[in-house]
Structure formats: C-alpha cells, structure tokens
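Numbering (my numbering), first residue to last: 12 to 257.
In what follows, a structure is listed as structure tokens, so that the remarks can point back to it.
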C-alpha cells in the first residue's frame, strides 16, 4: 500500500533540526574567521603605516637634534666671547676677540625645528598608531616644551632690539661696528673699530648690557637643554620600536 506524507510531517522531521543545529556553529565560525582575517589585514596595514611614520619621524628627530645642537653650541660660544669682553677690566683681551664678541652681542640664535611628520601624524589621526606609550608621551612632552621656546627666545631678541641697539644708536656707533651686514659705504679699519670698542668698554652701562645679554643667552641655553635630552630619548625609542617591528 502506498505511503503518503504531509508537508507538515516533513517540516517536523528531526533531521532538519539536526542540520540547522550543525549549520549554526559553521556559520558562526565562518564569521569569526572572516573577522580575524579582516582584523589581521587591518593590523598588518597599520603596522606598515606605523613603520613608515617611525622611519620618517626618526629622520626628522635627527635633523632637529643637529639643528638644536648647533644652536646650543653657538650660544655657548657667545657666552665665552661675552665673558672675554667683561674680563677687559681685569686683564688684556685680544682685539680680534673683542670684535667677534661685539658681533655676537648683537646676534640671536633661533631654534627652527622641522615638524612636518608630527603635524601629519596629528592631522591624520595616525598618532594613535604609535604603539609605544613611552614614545607617544615623549613626543607630547617635547611638543609642549617646544611651544614655549618662542617666548624664551623672544626675551633675548627683545633685549637686543629694545636696549642694546638703541644704546649703540645713541652712541652713534651702531653702523660703524657693522653688526648686521657689510655696507660698502661704511668702511672703517679694524683699528678704528677697536678704538670704538675700547671706548664702549669704559662705559659701565655698556658692560651691564653685556652682562644682561649673557644672562638671557644662558637662560635660553638652560631652557633648551632638556629639549636636547628629549630629542635624544625620542631617537632611542624610535630606533627600539623599529627594531621590534622588524
């Protein structure tokens, strides 16, 4: 005798529920694998981007280390020369040394770092890719210090513009000393310059201005020394991070 089954009977077949029960973990596992693959691809791409930024940042940091070192070395040289100028009251100082000291008295060094890579990291939101917490903190501390550099340096620049140059103008010798550019129309001998300098050194007001300029230069040097240490630390951290990536 033929057997017939209703559609409802087929729907209630226990094998169908078993099939569904077996398919669910397969579907979940497939989604999980896809998620892991996507996450791995993203992490790989971010690691490549981080390495690129680290290499560029290291180059930028090394440039800034060299720039700041040159500035600091020049400031120390300025201080030595200004000290020589103030020593003239107690011992002889060579005339050519005094001429160099006058030039440095009216010269201001300004630290001009390059920060294109850092600005790109911030504007693009990729600073988060820096996986080293120590490096991120060091970068932020350096940038915070860097923001105060113009204020410190401006104090030194203002002293020249507002006190030292007006003093020399009042004495009618600024152009004769030619501290800024050699001008063909103003051409005096070194001997004439030496006499002008000797007269200035006999004026206590001038000595006080030299003393004050020395103090301002020293203040800038002290303020920027920690920046040098931060840059050195940044370079070491970047190199360590690159080694870890490789």
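Backbone N, C-alpha and C fix where the C-beta goes; we use that ideal spot for every residue, glycine too.
Taken in chain order, the complete beta strand (DSSP E) segments of 3 or more residues contained in the region 53-130 number zero; there are none.
Per DSSP, the unbroken alpha helix (DSSP H) holding residue 201 starts and ends at 201-212. With respect to the 8 Å criterion, residue 147 and residue 156 are not classified as neighbours on the basis of their beta carbons. Residue 183 sits in coil when the DSSP states are folded into three classes, being neither helix nor strand. A contact is defined here as three or more CB-CB pairs under 8 Å, and the region 58-65 fails this definition with respect to the region 217-235.
The residues 72 and 149, in chain order, have a CB closer than 6 Å to that of residue 245 in the same chain once the five nearest residues on each side in sequence are set aside. Judged by DSSP secondary structure, residue 224 falls within the alpha helix (DSSP H) whose first and last residues are 215-256. Considering only 109, 240, 119 and 207, the residue with the shortest C-alpha distance to residue 152 is 240. Three or more Cβ pairs drawn from the region 121-136 and the region 78-90 lie within less than 8 Å of each other, which places the two stretches in contact. DSSP places residue 189 outside any alpha helix (DSSP H), giving it a letter other than H or E. When C-alpha distances from residue 113 are compared across 95, 252 and 169, the shortest belongs to 95. With a cut-off of 8 Å on Cβ pairs, the region 97-105 is not in contact with the region 126-145, counting fewer than three such pairs. In the three-state reduction of the DSSP assignment, residue 169 falls in the helix class, which pools H, G and I. Cβ-Cβ distances below 8 Å link residue 228 to 86, 89, 90, 93 and 167 in the same chain, with the five nearest sequence neighbours on each side left out; the list follows chain order.
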